[in-house]
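S.K.: Just so we're aligned, residue 925 is where the sequence shown starts under my numbering, counting upward by one.
One structure coming up, written as structure tokens, with questions to follow.
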Amino acid sequence: MYFGTGIVKTAEDFGSQGEPPSHPELLDWLATEFVRTGWDVKAMQKTIVMSATYRQASRVSPELLAKDPDNRLLARGPSMRLSADLVRDQALAIAGLLVNKIGGPSVKPYQPDGLWNEIGGGGAYVQDHGDNLYRRSLYTFWRRTIPPPSMANFDASARESHMVRPVLTNTPLQALDLMNDVAYVEAARVFAQRVMKEGGANPLERIAYAFRVATARQPKAAETAILLNAFRQNLEQFKAKPDAALKYVSYGEYPRDTKFDVSELAAYTSVTSLILNLNETVTKE
């Protein structure tokens, strides 16, 4: 969960057929500490994430990579793509859309029309509205034979069997999802509105702000130049095609801020969409 691979790599098999633990003494200590703290899961999680081992940078030298390519010795911090639910939750959080309500019934966010009729043997998918569109992915309703398509693209378990070791892939479908799924287009647009409100008075300041919010660092000069050029090109195109601009910023149910010029908002939305699609944004480092 925290490093991508457990102390025992074969977490589904702790027996003689499984792989021995990489750090047996640490595993013993964690087990006894868990008991000592009264089986407190939150306390155990805090112990792990506050440790010097977890807080290491994920940068790696060629020599260390050659000696320990899988980081079994924990000589560097974790670096791995976010899980399916966290990819969506992070996009919502960056945009300021994520609803932090705890508990309650499952919710039905955006999903392609007619999907249940096509492959699920019928039944109507009645989409929710309002805050229920922005609840954590943990609360998303799952039909056993039809997982939410976006979650499935990011390797979410189909829930037909227990998944102990999540599989993390990197495919073109995932990039297409981040660029075209209604949830992510809407998140990019609301993020763009946030950037235009909070990010400064000019494109350079706003792009730097958006990049910093999503990646927790300042953009390099070359990165800024690429994003600024993309903004200017898209702004010119959207000004020439105002109908396309309006359509682009109208996806999703969250209200569009009408005080912003539509073409400018669409151009910033295209940039924030690029930023949400960066490897650095969807990777835990």
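Every residue gets a Cβ at the ideal spot worked out from N, C-alpha and C, and that includes glycine.
Please name the residue in Ala990, Ala1169 and Leu1152 whose C-alpha comes closest to that of Val1195.
M.R.: The residue with the shortest Cα to Cα distance from Val1195 is Leu1152.
S.K.: Are the CB atoms of Val1119 and Tyr1108 nearer to each other than 7 Å?
M.R.: Not closer than 7 Å, so no.
S.K.: Would you decide whether Gln1142 is buried or exposed? Buried here means 16 or more other CB atoms lie within 10 Å of its CB.
M.R.: Gln1142 comes out exposed.
S.K.: Figure out for me which residue from Val932, Asn1094, Val1137 and Lys991 has the closest Cα to the Cα of Gln941.
M.R.: The candidate whose alpha carbon is nearest that of Gln941 is Val932.
S.K.: Classify Met1213 as helix, strand or coil using the three-state DSSP reduction.
M.R.: Past the boundaries of the shown model lies residue 1213; the chain is included only from 925 to 1209, so the question cannot be answered.
S.K.: Taking the C-alpha atoms as reference points, what is the distance between Gln980 and Gly1001?
M.R.: Going by the C-alpha atoms only, they are around 5 Å apart.
S.K.: Assuming Thr961 is part of the alpha helix (DSSP H), what are its boundary residues?
M.R.: Counting along the chain, Thr961 falls outside any alpha helix (DSSP H), and DSSP gives it neither H nor E.
S.K.: Below 7 Å CB to CB, which residues in the same chain sit around Leu1092 once its five sequence neighbours on both sides are set aside?
M.R.: Within the same chain, Leu1092 has close Cβ partners Met1004, Arg1005 and Asp1079.
S.K.: Assuming Pro1072 contacts Asp1052 under a Cβ cut-off of 8 Å, what Cβ separation, rounded to an integer in Å, is found between them?
M.R.: In fact, because the Cβ distance is near 13 Å, the residues do not count as touching under 8 Å.
S.K.: Taking the continuous alpha helix (DSSP H) assigned at Thr1095, which residues delimit it?
M.R.: Neither: Thr1095 is in no alpha helix (DSSP H) and is coded neither H nor E.
S.K.: Taking 8 Å as the cut-off, does the stretch 1179-1198 touch the stretch 1144-1159 (at least 3 CB pairs, one atom from each stretch)?
M.R.: Judged by Cβ distances under 8 Å, the stretch 1144-1159 makes contact with the stretch 1179-1198, as three or more pairs qualify.
S.K.: Would you list the one or two residues that DSSP bridges to Val1173?
M.R.: Per DSSP, none; premise fails for Val1173.
S.K.: Which residues mark the beginning and the end of the alpha helix (DSSP H) in which Met1075 is found?
M.R.: Note, Met1075: alpha helix (DSSP H), Pro1073 to Asn1077.
S.K.: When the distance is taken between beta carbons, is Tyr1172 closer than 7 Å to Glu1110?
M.R.: In this structure, Tyr1172 does not lie closer than 7 Å to Glu1110 by Cβ.
S.K.: My guess is that Asp1101 and Ser1061 are in contact by the Cβ rule of under 8 Å, so how many angstroms apart are they, rounded?
M.R.: Incorrect: roughly 13 Å between the Cβ atoms, too far for contact.
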